[in-house]
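Residues 137 to 601 in the numbering used here are what the sequence shown lists, from first letter to last. Below is one structure, written out as structure tokens; comments come after it.
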Amino acid sequence: MQTVAPAAARARSFFDSGATRPLAWRLEQLRSLRRMLTERRAEFAAALGSDLGKHAAESLLAEIGFVAAEAAHLEMNLGAWLRPRPVPVPLTVQPARAWTELTPLGVVLVIGPWNYPVQLLLAPLAGALAAGNSVVLKPSEHAPATSAALARWLPDYLPGAVEVVQGGIPETTALLAERFDHIFFTGGEAAARVVLRAAAENLTPVTLELGGKCPAYVDASTDLPTAAKRIAWGRFMNAGQTCVAPDYVLATEEVLEPLQRELVAAIASLFGPDPARSSSYGRIVDDRHFERLAALADGSTVVHGGDRDAAGRYFAPTLLRPAPGDTVMEEEIFGPLLPLVPVRGRDEAIRFINGRAKPLALYVFSNDAGSRRAFAAGTSSGALCFDVPAAHLMVPGLPFGGVGASGMGAYHGEHSLRTFSHERSTLAKSLRPDTLKLVYPPYTRTKHRIISALVSPAGRLRRKG
Numbered sequence: 137m138q139t140v141a142p143a144a145a146r147a148r149s150f151f152d153s154g155a156t157r158p159l160a161w162r163l164e165q166l167r168s169l170r171r172m173l174t175e176r177r178a179e180f181a182a183a184l185g186s187d188l189g190k191h192a193a194e195s196l197l198a199e200i201g202f203v204a205a206e207a208a209h210l211e212m213n214l215g216a217w218l219r220p221r222p223v224p225v226p227l228t229v230q231p232a233r234a235w236t237e238l239t240p241l242g243v244v245l246v247i248g249p250w251n252y253p254v255q256l257l258l259a260p261l262a263g264a265l266a267a268g269n270s271v272v273l274k275p276s277e278h279a280p281a282t283s284a285a286l287a288r289w290l291p292d293y294l295p296g297a298v299e300v301v302q303g304g305i306p307e308t309t310a311l312l313a314e315r316f317d318h319i320f321f322t323g324g325e326a327a328a329r330v331v332l333r334a335a336a337e338n339l340t341p342v343t344l345e346l347g348g349k350c351p352a353y354v355d356a357s358t359d360l361p362t363a364a365k366r367i368a369w370g371r372f373m374n375a376g377q378t379c380v381a382p383d384y385v386l387a388t389e390e391v392l393e394p395l396q397r398e399l400v401a402a403i404a405s406l407f408g409p410d411p412a413r414s415s416s417y418g419r420i421v422d423d424r425h426f427e428r429l430a431a432l433a434d435g436s437t438v439v440h441g442g443d444r445d446a447a448g449r450y451f452a453p454t455l456l457r458p459a460p461g462d463t464v465m466e467e468e469i470f471g472p473l474l475p476l477v478p479v480r481g482r483d484e485a486i487r488f489i490n491g492r493a494k495p496l497a498l499y500v501f502s503n504d505a506g507s508r509r510a511f512a513a514g515t516s517s518g519a520l521c522f523d524v525p526a527a528h529l530m531v532p533g534l535p536f537g538g539v540g541a542s543g544m545g546a547y548h549g550e551h552s553l554r555t556f557s558h559e560r561s562t563l564a565k566s567l568r569p570d571t572l573k574l575v576y577p578p579y580t581r582t583k584h585r586i587i588s589a590l591v592s593p594a595g596r597l598r599r600k601g
């Protein structure tokens, strides 16, 4: 077991030194992070290929390039976002100046998952560094090659700013016993409960990026071939091991039948007639998850795919027609299985979604304005996307996060900066003249009348006008 206390202590000492606070230091860390991703791109792509069977192009798009773009966006805007923001001062306190400014939290712990082990560890890191924190990173032990690459290169490119702790549950447990100023966790609901309980011991604020079953609704007004290709892309990239992947499709039976045919065609278009031979199709991360997915598929009705190879952890893109009560509809799939679920129409689809935990994302494929408005007004989800799954992560100005069981808090771009900062209030009032005499006791009738006028709703409205 790796000793974690010294890593946490070094991170604390580095933050306490004041080195992380200057804007120039923060910008240099973002530049160094981008430089690492450029210069060591081949090493990280090879590690992702080893851990998850990712094609180098997918690794560049969804992991390495994604983080580089996030760091560049932060770097470009950081100076403007950090400027103090003036706040109006009421008459009772004038003359005075008031403002807020974003200040670093301190030492941040980032616990990353295995499915996107570069993106989902380093994108939060970029935000934490931009906010002026030091960071302890815990990569996932289920992506060992990527974890080793991160531990090898991060100390070279970000010395002092970042500590990397490798290992499994014992190391994570030990880290959670340390005192941090913020914990950022990406993973499953069960582990999130453990993180929250541990954070409560030190009253540490937590950001949770979880998952859940992300629905897709498709109606007859949409372009079915294009919708099918986009759904297949979103579902089966990274072999379905994506938290924002469409987890099931809702449609009327009249739409599901042709949609199923189009999905079969889309799978062939994306991965060829035999996805097992496609270098663009990934693999299941480990045997435990492979066996879990096999049990889910075997417990439902397979209408396409279902082929698998346990030795190579290959699981074909698979379409299901689940029956009520099938386990595949009760838990997040996190793999290349896509249930097709019939509903009578839009209203039943909304009731179906609302009868379950709030999803991390909801996808609506419809050209009908009324249907779009109905889903926007009648559902709650971390994100709502029309006609495309997963692509909202590529928009740096959009916050990424869940609601309810799918997570708490959000990040990306300025939202990352705010997640990893404290917005401190500042008031500056000169000692001379001492205009606070009005509010000092003793309270005379004259003071009472003046104070009543100042604090009354009518007085506030007049001052606002």
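Even glycine gets a Cβ: it sits at the ideal position worked out from N, Cα and C. All values derive from a computational prediction rather than experimental measurement.
With contacts defined by Cβ atoms closer than 8 Å, A485 and Y353 form a contacting pair.
Y499 and N251 have their C-alpha atoms roughly 21 Å apart. With contacts defined as CB atoms closer than 8 Å, G435 and T454 fail to qualify as a contacting pair. Non-local C-beta neighbours of L163 in its own chain, meaning closer than 7 Å and more than five positions away in sequence, comprise E211, L214, ordered along the chain. In the structure shown, G370 adopts helical secondary structure according to DSSP, grouped into three states. Of the residues A144, T362, V591, the one whose Cα lies closest to the Cα of L273 is A144. Taking the C-beta atoms as reference points, I420 is found nearer than 8 Å to L429. A distance below 8 Å separates the beta carbons of G324 and G347.
With a beta-carbon spacing of about 7 Å, T437 and A459 fall inside the 8 Å limit used to define contacts.
The C-beta of A181 has 16 or more other C-beta atoms within 10 Å across all chains shown, which makes the residue buried. Here G543 carries a strand assignment [DSSP, helix/strand/coil].
It is roughly 17 Å from the alpha-carbon of G154 to the alpha-carbon of E299. For Y293, no beta strand (DSSP E) encloses it; the enclosing alpha helix (DSSP H) starts and ends at 280-293. Boundaries of the alpha helix (DSSP H) harbouring S168: 159-175, taken from the DSSP string.
Rounded to whole angstroms, the gap between the alpha carbons of P532 and H558 is 21 Å. Look at E398 here: in three-state DSSP terms it is helix.
Taking the Cα positions, R492 is about 11 Å away from C350.
Around the C-beta of Q230, fewer than 16 other C-beta atoms lie within 10 Å, and the residue is accordingly described as exposed.
With a 10 Å radius around the Cβ and a threshold of 16 neighbouring Cβ atoms, Y547 comes out buried. Rounded to whole angstroms, the gap between the alpha carbons of T282 and F522 is 33 Å.
Short of 7 Å from the beta carbon of D462, and not among the five residues preceding or following it, lie these beta carbons of its own chain, in chain order: G435, S436. Look at the beta carbons and you see the stretch 363-378 touching the stretch 194-204: at least three pairs across the two are nearer than 8 Å.
When the five nearest sequence neighbours on each side are left out, the beta carbons in the same chain lying within less than 7 Å of the beta carbon of L332 are those of V342, in order along the chain. Burial state of P226 is exposed, judged by a 10 Å Cβ sphere holding fewer than 16 other Cβ atoms.
With a threshold of 16 other beta carbon atoms within 10 Å, P260 meets it and is buried.
Considering only I489, V243, V439, the residue with the shortest C-alpha distance to L520 is I489. Residues V140 of the same chain have their beta carbon placed closer than 6 Å to that of A310, with the five preceding and five following residues left out of the count. For M530, the closest C-alpha among the options G549, V244, R148 is that of G549. With respect to V380, A497 sits close: the two C-beta atoms are nearer than 8 Å.
Residue burial is scored here from C-beta neighbours: I200 has at least 16 other C-beta atoms within 10 angstroms and is therefore classed as buried. In this structure, E237 is the residue among E237, A204, F202, E179 with its C-alpha nearest to the C-alpha of R560.
Using a C-beta cut-off of 8 Å, the stretch 465-485 makes contact with the stretch 381-401, since at least three inter-stretch Cβ pairs fall below that distance. Assigned with DSSP and collapsed to three states, S414 falls in coil, not helix or strand. Taken in chain order, the unbroken stretches of alpha helix (DSSP H) that lie wholly in the stretch 189-244 and span 4 residues or more are 192-195, 201-217. In the three-state DSSP reduction, S357 falls in the coil class, being neither helix nor strand. DSSP places S561 inside the beta strand (DSSP E), whose first and last residues are 557-564.
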